[in-house]
Amino acid sequence: MATDALLFYSFAAVTVIGSLMVVTQKNPVYSVLSLIASFFGLAGLYVVLEAPFVAVAQIIIYAGAIMVLFLFTVMLLNAPREDAAEWDRSHPLYRPMAVRIGAALAVLLALELGWALSRATDLGGAVNAVENPTISSVTLLGEVLFTRYMFAFEVTSILIIAAMVGAVVLARKREE
Amino acid sequence: MPLGHYLVLSGLLFAIGTAGVFLRRNLITLLLSVEIMLNAVNLAFVAFGRVQGTVDGQIITFFVMTVAAAEAAVGLALVIALFRHRESLNPEAFTSLKW
Amino acid sequence: MLALIPLLPFGGFLVNAFLGKRLPKSVSGGLATLMMVLSFAIALMQVLALAGMPAESRQINQTLFTWLTAGDFSLDLALRLDALSAVMILVVTGIGSLIHLYSTSYMHEETDAEFARFFSYLNLFCFFMLMLVLGANFLVMFVGWEGVGLCSYLLIGYYYEKKSASDAANKAFIVNRVGDFAFILGTLLTVVTFNSLDFNTIAMAVKAMPEEAAFGTLSLITLLLFIGATGKSAQIPLYVWLPDAMEGPTPVSALIHAATMVTAGVYMIGRNAMLFEHAPMTLHIVAIIGAATALFAGTIGLVQNDIKRVLAYSTVSQLGYMFLAMGVGAYGAGIFHLYTHAFFKACLFLGSGAVIHALHGEQDIRNMGGLKKYIPVTYWTFVIASVAIAGVPLLSGFFSKDEILFETFLEGHQVLWGIGILTSLLTATYMFRLVHLTFHGEERFHGAPAGAETAAAGAHHAAHGHDAHAHDTHHDHGHGHGKPHDAPWPMAAALIVLAVGSIVAGYVNIPHALGGHAGLHEWLTPVFNVTNCGEVSTTGELAGMMLEPCTPVEERNPEEHAGLELTLMLVSSLIAIAGIGLATYLWLKHREIPARLAAQYPGVHRLLLNKYYVDEVYDATIVQPIKVVSTEGLWRGFDVKVVDGAVNGAGYLVSGFSIVLRLLQNGSVKTYAASIFAGAVAVLAYYLWR
Amino acid sequence: MISGFIDLMTSPMTIAYMVIVGIVFGGLQIMAAVMVYAERKVAAFMQQRVGPYRVGPQGLLQPVADILKLFFKEELRPKAADAFLFSLAPIISVTAAYLAFAPIPFGAPTDFFGLLPEKIAIQVADVNVAILVIFAVASMGVYGIVLAGWASNSKYSLLGGLRSSAQMISYELAYGMALATVVMMAGSLSLREIVDAQQGYWFGFIPQWYIFPQLIGFFVFACAGIAETNRAPFDFPEAEQELVAGYHTEYSSMRFAMFFMAEYINMVTVSAVATNLYLGGWHGPFIPPEYGWIWFVIKLAILLFIYLWLRWTLPRFRYDQLMAFGWKVLLPLATINLLLTAAGVLYFGGY
């Protein structure tokens, strides 16, 4: 149990700190790297949750592909600094009134979530209370994915194709 | 570990992501924040799946990842296209509905 | 097989319409004519087959497909050939073929494309006309009814570059719409009343009903149908379009506005004889309108100077005769006159076309005269047809017209008979006025021998001058101003065939009084008197299953009135001859008398010359008020204020809302995210506090 | 507690694990050094030169000299460079390289001639998703290069970094597909199980290595593997003629040495993976299974030689050819191969 808690808290710490750095870093390259660190933390959490395949996929897909794409874009554009021009500062969303409303909404959401969690009864039970030796089996995962989630899988493939075509069209240089 | 811990962690990540979306003025950071939010949801899914003792949570996570990949591809292509137009990554630079 | 009769011209139409531009004239004209001839041949075969059937069950039905079904009401696209439509299809295809033939020569000055257009219209017209007469129910008939109207419009406006032609086309179309509207209403009322549109079914249903003493549903239906007929067949009050329709090429006038389309109203009444028979009030109206039209148009025809207009008013007058016959219940006589009239009126129109052709577009009879020796074929055919229409004994017009007058008298309508006789006199008079002024006397046309030009020709070009047919003046090119030449062989052939027809057509129906046996009458009788015996006739073995014997409603002993009939014949013959004599006296021997008469009664003359100012009255009472209402009320009032106001108001409303909505739709991603955020809070709140 | 820990640490199994980890870690470094020497010698051989021969017998101590030189060179860092990332990049590279070797087994499970109470696998970590782990960690290597390129704040470096990322993303697809075919045939993601599935012989003499049914797969894997390690003819991130030295233009001394090591370790890793996936790992004739690692080393050595051979034989592609080759040749080939294999597995009733 102690090992579990230790792992959870350390990975959680990595994840949260990484995420916070994503938001707070001025330089997008650092944001990307922080996010990668955060993803490693998450991958660790997935391992703790007995989902090694998800953990590896998290690394391969997120850290290995998506984040490389982000980094690639950041480097390609080479415009890392934020610009906060006058028109941006005077944006309606930054008016005191809007900020106040936003803050109120955030507090409201936090209250709602807190209340929801306090009302939930079975949050105290350990996540791995249910013994299931096959939960981390890639075989089972594949079986379920290609039977019960067949349709979703196919639809996702269409989505991927659409995204691919869209990205190619968008990023292509106009021949003018 | 209790499920509640995972949920709180998930909520925390989600909040960080949301804050990033609202506070940052860089499209790329915005997209990164969105990724954080997606991952927060993923974590909740996997945790719930583990509680249930099924793999469904993990599978939904895969779908989310796929969608995230698609979103990143299109989103970044858009960012590049927009940057070519305005030499800026501030989302408020692109508020006109056409140009 | 039956469907082939209308479909052949339709095929010709398709070819000429879509490929016509690339076809030489000989091909497009030849094809169109060939289609009509084939159609005529098939029609003949079908009619012969029909004649081989027993008299009571003479019907050939063909259902192409079920057109529409709504609840228990269903409607087939069905064709039916019976005795009545047999007469009609023979007239349409036979005379149609001749006129096609004639046109190939008459229109040969046109360019290839225009030529093909003309023949495509002509073929399309024949298709619709055949649909009209072959239709087994009101809807099929209505398709034909509208279709011939459309073709009439297209052909009147054939020279669409000419304002008068396109105006005339519009007038014809609009006036016809008035009638068609009534026709639709009548049809709908039929559906409501009988839950069917099939002529046989309706006739059977009507047969079981008592005759309507008061003005009831049947009277309303028939009256509405009759209004439709007045539009299509140019009766009072909707006749005004027909004289103007002479703007079309002459063969068109012959085919559509003399021989076939304008008789559609007569045919329609004949087709629904049973219906009309049960609405005596409508029949009275039909008879009175018919007689009035006959007289009215005849008087106008007496003073017109345009050769085609004289013939047009003559047509209106003769159509009046037919309606008179229908109105007095002499359906057979009406159809008989329709049939003979088709011959001699087509012949007259084609003859006038030949005259116009010979004079390079001249239409004013004051600028003619003495043409006899230049164009003998035209002259003789024209005279034969004139004699026929005048009612001189032993020619076709005599038999048919005489039968109408006799039946009228016999039915007890002595006043109408009197009008008929008067009209008969007028007919003979204005026809021979036309003959004399055109063919006899001194030569007054352009290029006539020097000195022949008279003062009478100088005082010409009244309201509708000779240039009404301006297009035909194009014939000048290449012809020069030589002597008038007679019709080329296709025209001459058509004229001769029709002239022969004008003589012999009447012999199919020699009355009993003259020792004949009224063949056409006998042929048609089952159609008008009997309804339910043809129902199963298409299959021979079922013919025996007739529900009741097909006997005429009232038996009339042919011998009974022979004496009366002979007397009346004598009277009308004398009248006809008197009319011819009068015309000869006035316009050939003493040409100064008509002028003096005109001078003496200037009011009457002007009234007649201006066609009783009917057009002007319509213009003042209908057209102008509509224009005013449309302009001031509908356009400046309703359209500008209400419609435009509503449209602009909608626009202002949208832009007004948009000003508010724009605050949300500001293009800022973060604002959208904020609204999603607010939405999430709200949704969560709902689930928590639910 | 303490005693328990000591017990644990002194148990033969723990010591054996430690030894294995030590062997792998040290072995990889030695391999890198050997490869440097081998590269020079092979290059010289192919160019009809002698190569290094002054330092030690036959120049065998040349790698030591190299390392010493790198140790004592001055660390240079461009002023405008991002200090943190500039230092981090080589660390990422070399760490990823070492990590990727962790799940690779290189011998049959053994009890070391009775020294141990039970048999242990000769590998650092026996993970049941080993292939994916290798794949994942290898894909981390790209960050080292990309960050090095970006952090140097130099055009050549940046271009090298960009090229590297594009190239690796492109070839990872084919790489993954080639892996997937083998996984499909073996029915497992564990390298040990995959190797064991290649035991035995067809017709008594052809070893059941996957290279025979998966010739296309091996070709794709080899191409993609060379591209992943940025070796000639796919060495664009450091193309000398175009980019001076690519992403490590600005690096010197030990930071450069780390990149250098990472490159050679990656070569070893890819070769080891190829050995395991396609060449039957430690299985082979003549040598008893306990000494299977000898076969493994032999196969590894052959593959590494091929690496060098290719480098000194083939010219570099043009950049657009590289992309076209990856997307238009390798990827379709790998996809077709995947489908064919799937059909075959279904037909022959494999997994």
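Residue numbers (the numbering used here), protein chains in the order written: chain C, 1 to 176; chain R, 1 to 99; chain X, 1 to 690; chain B, 1 to 351.
No residue lacks a Cβ here, since even glycine has one placed at the ideal position from N, Cα and C.
Query                                                                                                                                                                       : Result
Just to confirm, is the Cβ distance from Val435(X) to Val383(X) under 9 Å?                                                                                                  : yes
Go ahead and label Phe39(C) buried or exposed: buried means 16 or more other beta carbons lie within 10 angstroms of its beta carbon, across all protein chains shown.      : buried
At a cut of 8 Å, does the segment 172–185 of chain B reach the segment 297–312 of chain B through at least three beta carbon pairs?                                         : no
Could I get the ranges of all uninterrupted alpha helix (DSSP H) runs contained in the segment 474–521 of chain X, with 4 residues as the minimum, in chain order?          : 476–479, 489–504
Skipping 5 residues on each side, what residues in its chain have a beta carbon closer than 7 Å to that of Trp327(B)?                                                       : Ser170
Return the bridge partner residues of Asn137(X) from the DSSP annotation.                                                                                                   : Asp198(X)
Compute the distance between the beta-carbons of Leu191(B) and Ala138(B), then report whether it is under 9 Å.                                                              : no
Quick check on Val41(R) - is its C-beta less than 9 Å from some C-beta in chain C?                                                                                          : no
Thinking just about the alpha-carbon of each residue, which of Val79(R), Phe94(R), Thr66(R), Val67(R) is nearest to the one in Phe72(C)?                                    : Val79(R)
Put Pro78(B) into one of helix, strand or coil per three-state DSSP.                                                                                                        : coil
Counting only the same chain and skipping the five closest in sequence on each side, list residues whose C-beta sits under 7 Å from that of Leu28(B).                       : Tyr98, Phe101, Ile265, Val268
Are the C-beta atoms of Arg148(C) and some chain R residue less than 9 Å apart?                                                                                             : yes
Is there a C-beta anywhere in chain B that falls below 9 Å from the one on Ala167(C)?                                                                                       : no
Can you list, in chain order, the residues of its chain with a C-beta nearer than 8 Å to that of Ile20(B)? Leave out the 5 residues immediately preceding and following it. : Ile120, Ile122, Gln123, Val124
What whole-angstrom Cβ distance do Leu42(C) and Thr15(C) have, given they're in contact under 8 Å?                                                                          : 5 Å
Roughly how many angstroms separate the alpha carbons of Ser19(C) and Met168(B), rounded to a whole number?                                                                 : 26 Å
Do the segment 275–290 of chain X and the segment 310–325 of chain X touch if we need at least three Cβ pairs shorter than 8 Å?                                             : yes
Pick out whichever of Gly516(X), Gly679(X), Ser668(X), Ala685(X) has its Cα sitting closest to the Cα of Leu89(R).                                                          : Ser668(X)
Can you name the residues of chain X whose CB is closer than 9 Å to the CB of Thr18(R)?                                                                                     : Ala673, Phe677
Got a sec: is the Cβ-Cβ distance from Ala646(X) to anything in chain C below 9 Å?                                                                                           : no
Please list the segments of the beta strand (DSSP E) lying wholly inside the segment 21–89 of chain R, counting only runs of 3 or more residues, in order along the chain.  : none
Counting pairs of beta carbons, one from the segment 67–74 of chain B and one from the segment 135–151 of chain B, are three or more of them closer than 8 Å?               : no
Residues of chain C with CB closer than 7 Å to the CB of Ile169(B), please, in chain order.                                                                                 : Ala65, Val68
Is the separation between the beta-carbon of Trp293(B) and that of Gly107(B) shorter than 9 Å?                                                                              : yes
How big is the Cα-Cα spacing for Ser502(X) and Pro9(X)?                                                                                                                     : 26 Å
Which of the residues in the segment 141–168 of chain B, read from start to end, lie with their CB under 9 Å from any CB of chain C?                                        : Val142, Tyr143, Val146, Leu147, Gly149, Trp150, Ala151, Leu158, Gly161, Leu162, Ser165, Ala166, Met168
Going by other Cβ atoms of all chains shown within 10 Å of its Cβ, with 16 needed for buried, is Ile389(X) buried or exposed?                                               : buried
Leu102(C) touches chain X at which residues, Cβ-Cβ below 7 Å?                                                                                                               : Note that residue 102(C) is Gly in the sequence shown, not Leu. Correct list: Ala674.
CA-CA distance, His485(X) and Ser386(X)?                                                                                                                                    : 21 Å
Exposed or buried, which one is His357(X) when buried takes at least 16 other CB atoms within 10 Å?                                                                         : buried
Relative to the C-alpha of Pro237(X), which residue among Ala682(X), Val617(X), Arg690(X), Ser658(X) is closest?                                                            : Val617(X)
Fully enclosed by the segment 649–679 of chain X, which beta strand (DSSP E) runs are 3 residues long or longer?                                                            : none
Would you check if there are 3 or more beta carbon pairs closer than 8 Å linking the segment 125–133 of chain X to the segment 502–521 of chain X?                          : no
Going by the DSSP bridge assignment, what does Ala49(X) pair with across the sheet?                                                                                         : In the DSSP output, where bridge partners are listed per residue, Ala49(X) has none listed.
Apart from the five residues on each side of it in sequence, which residues of its chain come closer than 7 Å, Cβ to Cβ, to Arg117(X)?                                      : Gly20
Suppose only complete runs of 4+ residues qualify. What are the alpha helix (DSSP H) ranges in the segment 4–78 of chain X, listed by chain order?                          : 4–19, 25–51
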